[in-house]
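Asker: Residue numbers (full-length UniProt numbering), protein chains in the order written: chain A, 1 to 145; chain B, 1 to 145.
All C-beta atoms, glycine included, are put in the ideal place defined by N, C-alpha and C.
There are 2 protein chains.
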Amino acid sequence: MTRKKNTASLSIGQLSKAANVKVPTIRYYEQQQLIAAVGRSEGNQRQYSEQELQQLKFIKHARDLGFSLNDVRTLISLDHQPNASCENAHSIAAKHLESVRCRLARLKRLEDELERIVSQSDSGLNDQCSVIKALADHSQCESEH
Amino acid sequence: MTRKKNTASLSIGQLSKAANVKVPTIRYYEQQQLIAAVGRSEGNQRQYSEQELQQLKFIKHARDLGFSLNDVRTLISLDHQPNASCENAHSIAAKHLESVRCRLARLKRLEDELERIVSQSDSGLNDQCSVIKALADHSQCESEH
DNA sequence: GTTAAAACCTCTAGTAACTAGAGGTTCAAG
DNA sequence: CTTGAACCTCTAGTTACTAGAGGTTTTAAC
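Below, the structure written as structure tokens:
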């Protein structure tokens, strides 16, 4: 009956919508200690505040950028202990950028080869599919992968 | 003592080296029915022939190109039943190319944003790390991700 | 005030594609 | 004949969730 006004609490469903993170994922993050295990209602339901919303948005953004949960964990702890944190955070991000660039280069090569494989239109009546032939025969490839 | 000469059989380790696929992975592929459960020596060790080597190379190549094991399974069965197979194989490959292109585009956007985050050199003595700030604040992002 | 649906709870198991490890057997070389 | 590498099976762990079972609470309608 008595509703607190100062910080309206969010149910897990409301948090989910606000951060665009699915409900089971939020519970999973709690279990993994990425967000705090918050207080509960009389009926044992989680009650979140603005703080957890911010944290969850942080996590979501980092995940969308491809950081691993482990990276996220480290970044969060750096965020919470403000001294000397930035060098570490920077190196995590830089390392991640590096790995994104590697994947990018690799994917580009794959694109080229797949393109080549797909575009060999099976025009005539060859006895075997060119796609399958191309997969069987690595020597056709122009680059490593 | 009596070695068959016609098709010298390969141990799993030799097969592994020849196809550049790790030994436990080969066993895993057998369990997943991607390669045949071959005959064994008296001492219960697997004996492979050229046929399995070709098959394993096929799988390896397809995996390197990013096809899922499920795709590989389908491609293999198409390879083994030669009629009307090519359209299917082609569509699997085309679909895969499509998805590679999506990932490529997405990764490029990530690269841009990460680059931006990383290059905001924390020159001055700001009270919070720019990397962490950038992650907390999605509104800085130039594109969706 | 009741009732029904939606949202919540916990827990377990499943996904993909391996990888690691335990605990034991067989093979090849010296 | 012995030692060490390579082999065997089986189970469990990895990542980041997702799905489902089986049950409780909240909310909205009547």
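Using the C-alpha atoms, what's the distance from glutamine 51(A) back to glutamate 111(A)?
Answerer: By 1-based counting over the first sequence, the position of residue 111(A) is 111. By 1-based counting over the first sequence, the position of residue 51(A) is 51. Each residue's Cα considered, the two are about 43 Å apart.
Asker: Decide if aspartate 137(A) is buried, meaning its Cβ has at least 16 other Cβ atoms within 10 Å, or exposed.
Answerer: By one-based count along the first sequence, residue 137(A) stands at place 137. Exposed, since its Cβ has fewer than 16 Cβ neighbours within 10 Å.
Asker: So with Cβ pairs under 8 Å, would you call cysteine 102(B) a contact of chain A?
Answerer: The residue given as residue 102(B) occupies position 102 in the second sequence. For cysteine 102(B), the answer is no, since every Cβ of chain A falls outside 8 Å of its Cβ.
Asker: Can leucine 65(A) and glutamate 113(B) be called in contact, C-beta distance under 8 Å?
Answerer: Looking up residue 65(A) in the first sequence gives position 65. Looking up residue 113(B) in the second sequence gives position 113. The answer is yes: Cβ separation under 8 Å.
Asker: Between Arg73(A), Arg46(A), Lys133(A), Tyr48(A), which lies nearest to phenylalanine 58(A) when the distance is taken from Cα to Cα?
Answerer: Translated into the one-based positions of the first sequence, residue 58(A) becomes position 58. Of Arg73(A), Arg46(A), Lys133(A), Tyr48(A), the smallest CA-CA separation from phenylalanine 58(A) is found for Arg73(A).
Asker: Less than 8 Å between C-beta atoms, sequence neighbours within five positions excluded: which residues of the same chain meet that for threonine 2(B)?
Answerer: Against the second sequence, residue 2(B) aligns to sequence position 2. Residue placement at threonine 2(B) cannot be trusted, given a pLDDT of 33 that sits under 50; what the coordinates show is reported in the next sentence. Nothing listed; no residue qualifies.
Asker: According to the neighbour-count rule (16 or more other Cβ atoms, all chains shown, within 10 Å of its Cβ), is arginine 27(B) buried or exposed?
Answerer: As a first step, residue 27(B) is located in the second sequence; it is residue number 27 there, counting from the start. Classification of arginine 27(B): exposed, given that the 10 Å Cβ count is below 16.
Asker: Along the chain, where does the alpha helix (DSSP H) containing histidine 140(A) start, and where does it finish?
Answerer: As a first step, residue 140(A) is located in the first sequence; it is residue number 140 there, counting from the start. One detail in the question is off: residue 140(A) reads as glutamine in this sequence, not histidine. Neither: glutamine 140(A) is in no alpha helix (DSSP H) and is coded neither H nor E.
Asker: So, at 8 Å on beta carbons, what are the nonlocal neighbours of isoleucine 13(A) in its own chain, with the 5 sequence-adjacent residues on each side left out?
Answerer: One-based indexing of the first sequence puts residue 13(A) at position 13. With the sequence shown as reference, residue 13(A) is identified as glycine, and isoleucine is not the correct amino acid for it. Closer than 8 Å at Cβ, skipping near neighbours: Val23.
Asker: Along chain B, in chain order, which residues have C-beta atoms closer than 7 Å to that of histidine 61(A)?
Answerer: What you label residue 61(A) is simply residue 61 of the first sequence in a count that begins at 1. Per Cβ cutoff of 7 Å: Leu135, His138.
Asker: To test your reading of the DSSP string, which unbroken alpha helix (DSSP H) runs of 4 or more residues are found completely within the UniProt domain "HTH merR-type" (9-78) of chain A?
Answerer: 12-19, 23-31, 50-64
Asker: Give a yes or no on whether 8 Å exceeds the smallest Cβ distance from lysine 57(A) to chain B.
Answerer: Numbered from its first residue, the first sequence carries residue 57(A) at position 57. Judged by the 8 Å Cβ criterion, lysine 57(A) is in contact with chain B.
Asker: At 8 Å on the CB atoms, spell out the chain B contacts of glutamate 113(A), in chain order.
Answerer: Translated into positions along the first sequence, residue 113(A) becomes position 113. Per Cβ cutoff of 8 Å: Leu65.
Asker: Contact defined as beta carbons within less than 8 Å: I believe aspartate 71(B) pairs with histidine 90(B). What is the distance between those atoms, to the nearest angstrom?
Answerer: Translated into the one-based positions of the second sequence, residue 71(B) becomes position 71. Translated into the one-based positions of the second sequence, residue 90(B) becomes position 90. Contact flag wrong, Cβ pair sits at about 13 Å.
Asker: Could you name the residues of the same chain whose beta carbon sits closer than 6 Å to that of glutamine 55(B), not counting the 5 residues immediately before and after it, in chain order?
Answerer: Here the question's residue 55(B) lines up with position 55 in the second sequence. Leaving aside the five residues that flank glutamine 55(B) on each side, the residues in its chain whose CB is nearer than 6 Å to its CB run, in chain order, Ile35.
Asker: Using 8 Å as the threshold, is the C-beta distance between leucine 78(B) and isoleucine 132(A) below it?
Answerer: In the second sequence, the residue the question calls residue 78(B) occupies position 78. In the first sequence, the residue the question calls residue 132(A) occupies position 132. Yes, Cβ-Cβ distance for leucine 78(B) and isoleucine 132(A) is below 8 Å.
Asker: Consider the Cβ of lysine 108(A): report whether some Cβ of chain B lies at a distance smaller than 8 Å.
Answerer: Your numbering for residue 108(A) matches position 108 in the first sequence. It does; some Cβ of chain B falls within 8 Å.
Asker: Do isoleucine 117(A) and alanine 93(B) count as a contact pair if the criterion is CB distance below 8 Å?
Answerer: Here the question's residue 93(B) lines up with position 93 in the second sequence. Here the question's residue 117(A) lines up with position 117 in the first sequence. Yes; because the gap between Cβ atoms is below 8 Å, this pair is in contact.
Asker: Does the beta carbon of alanine 89(B) come closer than 8 Å to any beta carbon on chain A?
Answerer: Taking the first residue of the second sequence as position 1, residue 89(B) is located at position 89. Chain A, which has a Cβ nearer than 8 Å to the Cβ of alanine 89(B), makes this yes.
Asker: Tyrosine 29(A) and valine 38(A): beta carbons closer than 8 Å?
Answerer: Your numbering for residue 29(A) matches position 29 in the first sequence. Your numbering for residue 38(A) matches position 38 in the first sequence. Not closer than 8 Å, so no.
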